[in-house]
Amino acid sequence: TANQETHGFQTEVKQLLQLMIHSLYSNKEIFLRELVSNAADAADKLRFKVLSNPSLYENDSDLCVKLSADKEAGTITISDNGIGMNKEDVIEHLGTIAKSGTKEFFNNLSGDQSKDSQLIGQFGVGFYSAFIVADNVIVRSRAAGDSADKGVQWESAGEGEFTVTDIEKADRGTEIVLHLRKDEKEFADDWRLRSIVTKYSEHIGIPVKMWKEEVPESDGPDGEKIPAQPGEWESVNKASALWTRDKSEISEEEYNEFYKHVSHDFADPLMHAHNKVEGKTEYTSLLYIPSKAPFDMWNRDQNHGLKLYVQRVFIMDDAEQFMPVYLRFVKGLLDSNDLPLNVSREILQDNKVTQAIRQGCTKRVLQMLERLAKNDAEKYQSFWKEFGAVLKEGPAEDFANKEKVAGLLRFASTHNDSDAQTVSLEDYIGRMKDGQEKIYFITADSYQAAKSSPHLEIFRKKGIEVLLMGDRIDEWLMSHLTEFNEKSFQSVARGALDLGDLEDEESKKEQEEAEKAVEGVLERVKTALGDKVVDVKFTHRLTDSPACIVTDEQGMSTQMIKLMQSAGQ
Ligand code: ADP
Ligand code: MG
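FYI, the UniProt record's numbering numbers position 566 of the sequence shown as 569, with every residue one higher than the one before it.
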């Protein structure tokens, strides 16, 4: 037709399509979850817009998804009366991927199919998952508030391109028709669709309806007439917002599926916490810790935060005000009774209710982690591997919870000679020598560098444990962490080394004698180095190496200097 345009998919979309079709074959049915999830999001967005513009309902406020199959044609149709899309929306949302870091993500794929299919799960496949089962997809949509002639049709075979055509569409919302691939025709079956919906979409916020055929009039057992029943659209899911239900009625599986809807993640979460808080501020929170870090977690500006509802009405995604940045890996939602429905990001910014909820949610997450660490060390390790380095930002950001966060930290140490970060500060303190007052640590560029530092010699000799810190963030962490359980931290590379009560009389005497013997050497080295050093001192902290460089207690550590240099300062 005259008004048909052809567009190419963004390169990353092409890659995603390729990868998805080849790696998700064992999990095909998730396409329906993704499409229903989008319809539910579209309903949420419309409900929100209606708050300020009721006319958008166009006399149709019964928001739902309708699902039908045509066995003969081999098609499935999913239609919603949500917010809809106009032409620009369609080109943008169904032709590109809007996530930050997408390019990097695709550049980093290994080419190993099983590994990549794991990754693709974390990335989230969304709308494009339709092409797992379909070789032709047609989307017809019309945005709420637009006139019927502003409809748009999008069509693609999922290869390089898609077409967009202007159409008339009387009903608001989006209709998606999947032409199933030859081997996937089995999905065009009412019973099959029903069971997938119950499995994946039981608790999304809107009803998923399927057509129930009319039942003709019939004869009852005693010859009486049983009246005919007209056909009708019947809801096949519970459609109660999961978080409003009682914990005890919700199975692990339901929590997991709901997680996938709110997080766009593909894998099960590691754990969740579901709480109704009553009292001064009233809210319900449903918080999840993912099992894998998202590909863009290092980006502190990446979208994060909770889905915000006010009195069950969806308000916004990524409300980052309710979670500190160092807990940015937490997913989930929040339903408040105290915030106004017209709340905006600006209002949230500086708001007592926000602060109270943020404190509450932060506490929940820390508690959940504390419990996990206590009850399931192995699972905690898997959490730590994924998110430990993010949690290390905590002591700098969250003064009030410093001690709590510190209790959750794990380090490598000279105690177990492995780069695995498994030692807690509590473990360390439990192993401190008689007379030891400080928690000793060393920071370096890597675990290897920390481990082979000459500063450790004396500690090794005396059997004193030292925490070995080789992560980038460690220096930053240790500049904000001064004590734990009333024990102060001491870098073994800084200042004078006073082992206090850990020294015995005999070795003190030996040291004094040794110091006398090298007096002349010190002077000569000092003269030779001149301005390059502040001082040259005799030390007994080395046992094998002849010399080492130390920063004074006030100065920036060598590690920090390197960090600043690499940041261009
Ligand atoms: P995500 O849901 O994570 O944003 P998707 O790939 O599932 O990613 O969807 C991409 C975008 O397409 C959505 O964010 C939304 O803007 C739009 N979209 C998809 N399906 C619908 C729909 N049924 N109604 C309105 N918009 C939709
Ligand atoms: Mg989606």
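Glycine included, each C-beta is placed from N, C-alpha and C at the ideal position. What you are looking at is a predicted structure, and each value in this text was computed from that prediction instead of being measured.
What whole-angstrom Cβ distance do residue i and residue j have, given they're in contact under 8 angstroms?
i, j, result
"Asn340", "Glu285", "4 angstroms"
"Val200", "Ser144", "Incorrect: roughly 22 angstroms between the Cβ atoms, too far for contact."
"Asn240", "Glu205", "5 angstroms"
"Gln116", "Ser26", "6 angstroms"
"Asp138", "Leu22", "Not confirmed; about 17 angstroms, so no contact."
"Ala244", "Arg315", "6 angstroms"
"Glu440", "Lys377", "Between Lys377 and Glu440 the Cβ distance is about 27 angstroms, and since that is not below 8 angstroms, they are no contact."
"Lys529", "Val537", "At roughly 10 angstroms, the Cβ-Cβ gap does not stay under 8 angstroms, so Lys529 and Val537 are not in contact."
"Leu19", "Ile100", "7 angstroms"
"Ala453", "Gly473", "5 angstroms"
"Glu189", "Arg195", "6 angstroms"
Since residue i is in the alpha helix (DSSP H), which residue starts that stretch and which ends it?
i, result
"Phe462", "Glu460 to Lys465"
"Met23", "Thr14 to Ser26"
"Thr105", "Thr105 to Asn110"
"Asn378", "Lys355 to Asn378"
"Ser340", "The sequence as given places Asn at residue 340; Ser does not occur at that position. Neither: Asn340 is in no alpha helix (DSSP H) and is coded neither H nor E."
"Trp479", "Asp477 to Met481"
"Asn259", "Glu255 to Ser266"
"Ile33", "Ile33 to Val53"
"Ile432", "Leu428 to Gly433"
"Ala399", "Gly397 to Glu400"
"Thr530", "Glu522 to Leu532"
"Ala409", "Lys405 to Leu411"
Just tell me which of the options has its CA closest to the CA of residue i.
i, options, result
"Glu516", "Phe541, Ser455, Ala133 and Val200", "Phe541"
"Asp192", "Ala72, Gln156, Lys250 and Gly226", "Ala72"
"Ser294", "Asp149, Tyr383, Glu429 and Asp92", "Tyr383"
"Pro549", "Lys118, Lys490 and Ser456", "Ser456"
"Gly85", "Lys31, Gln7, Thr485 and Ile179", "Ile179"
"Leu471", "Glu460, Glu252 and Tyr450", "Tyr450"
"Lys436", "Glu460, Thr425, Ile467 and Asp420", "Ile467"
"Glu61", "Ala151, Glu478, Arg463 and Phe317", "Ala151"
"Leu554", "Leu54, Val140, Ala496 and Asp63", "First, the amino acid is wrong: residue 554 is Thr here, not Leu. Ranking the options by Cα distance to Thr554, first place goes to Ala496."
"Gly11", "Pro57, Asp44, Ser159 and Tyr329", "Ser159"
"Lys279", "Glu256, Ile360, Ile432 and Asp271", "Ile360"
"Leu330", "Val368, Ile318, Glu189 and Leu342", "Val368"
"Ile33", "Tyr203, Gly282 and Gly523", "Tyr203"
"Val469", "Trp479, Asp430, Leu480 and Asp448", "Asp430"
"Gly87", "Ala46, Phe190, Ile229 and Ile24", "Ala46"
"Phe462", "Asp401, Asp474 and Phe444", "Phe444"
"Lys535", "Leu372, Val521, Ile552 and Gly127", "Ile552"
"Leu342", "Ala42, Ile318 and Gly223", "Ile318"
"Lys271", "Gly438, Val53 and Glu256", "It should be pointed out that residue 271 corresponds to Asp in this sequence rather than to Lys. Cα-wise, what sits closest to Asp271 is Glu256."
Measure the CB-CB distance between residue i and residue j and report whether it falls below 8 angstroms.
i, j, result
"His277", "Trp246", "yes"
"Gly176", "Ser82", "yes"
"Thr417", "Ser494", "no"
"Thr357", "Pro327", "no"
"His307", "Ala399", "no"
"Ile476", "Ala380", "no"
"Gly410", "Leu428", "yes"
"Gly148", "Gln13", "no"
"Phe414", "Phe298", "no"
"residue 574", "Glu406", "The structure shown has nothing for residue 574, since the chain only spans 4 to 572."
"Lys153", "Asn89", "yes"
"residue 2", "Phe332", "Not covered by the structure: residue 2. The range shown for the chain is 4 to 572."
"Ile207", "His264", "yes"
"residue 2", "Gly234", "Lying before the first or after the last residue shown, residue 2 is absent from the chain, which here runs from 4 to 572."
"Val140", "Leu183", "no"
"Leu412", "Met274", "no"
"Ile229", "Glu220", "yes"
Ends of the beta strand (DSSP E) at residue i?
i, result
"Ala322", "Val316 to Ala322"
"Tyr291", "Tyr286 to Pro293"
"Asp83", "Thr78 to Asp83"
"Arg145", "Ala137 to Arg145"
"Tyr203", "From DSSP, Tyr203 is part of no beta strand (DSSP E) but of the alpha helix (DSSP H) over Asp193 to Tyr203."
"Asn89", "Segment: none, Asn89 is in no beta strand (DSSP E) and carries neither H nor E."
"Val167", "Glu164 to Ile170"
"Gly11", "Glu8 to Gly11"
"Ala452", "Ala452 -> not in any beta strand (DSSP E); alpha helix (DSSP H) instead, spanning Tyr450 to Lys454."
"Val155", "Gly154 to Ser159"
"Glu178", "Gly176 to Leu183"
Mind checking if residue i is an interface residue toward chain B, Cβ cutoff 8 angstroms exclusive?
i, result
"Asp320", "Absent from the structure: chain B. Only one protein chain is present."
Taking 8 angstroms as the cut-off, does the region 60–78 touch the region 150–170 (at least 3 CB pairs, one atom from each stretch)?
The region 150–170, when compared against the region 60–78, does not touch it at the 8 angstroms Cβ threshold.
Touch test, the region 281–297 against the region 326–340, Cβ-Cβ under 8 angstroms, three pairs minimum:
The region 281–297 vs the region 326–340: in contact.
Three or more beta-carbon pairs under 8 angstroms between the region 124–143 and the region 31–45, yes or no?
At 8 angstroms Cβ cutoff, the stretches touch.
How about the region 63–71 and the region 206–225: do they share at least three Cβ pairs that are nearer than 8 angstroms?
The region 63–71 vs the region 206–225: in contact.
Given 8 angstroms as the limit, is there contact between the region 346–353 and the region 314–333, that is, 3 or more CB pairs closer than that?
Under the Cβ criterion (8 angstroms, minimum of three pairs), the region 346–353 counts as touching the region 314–333.
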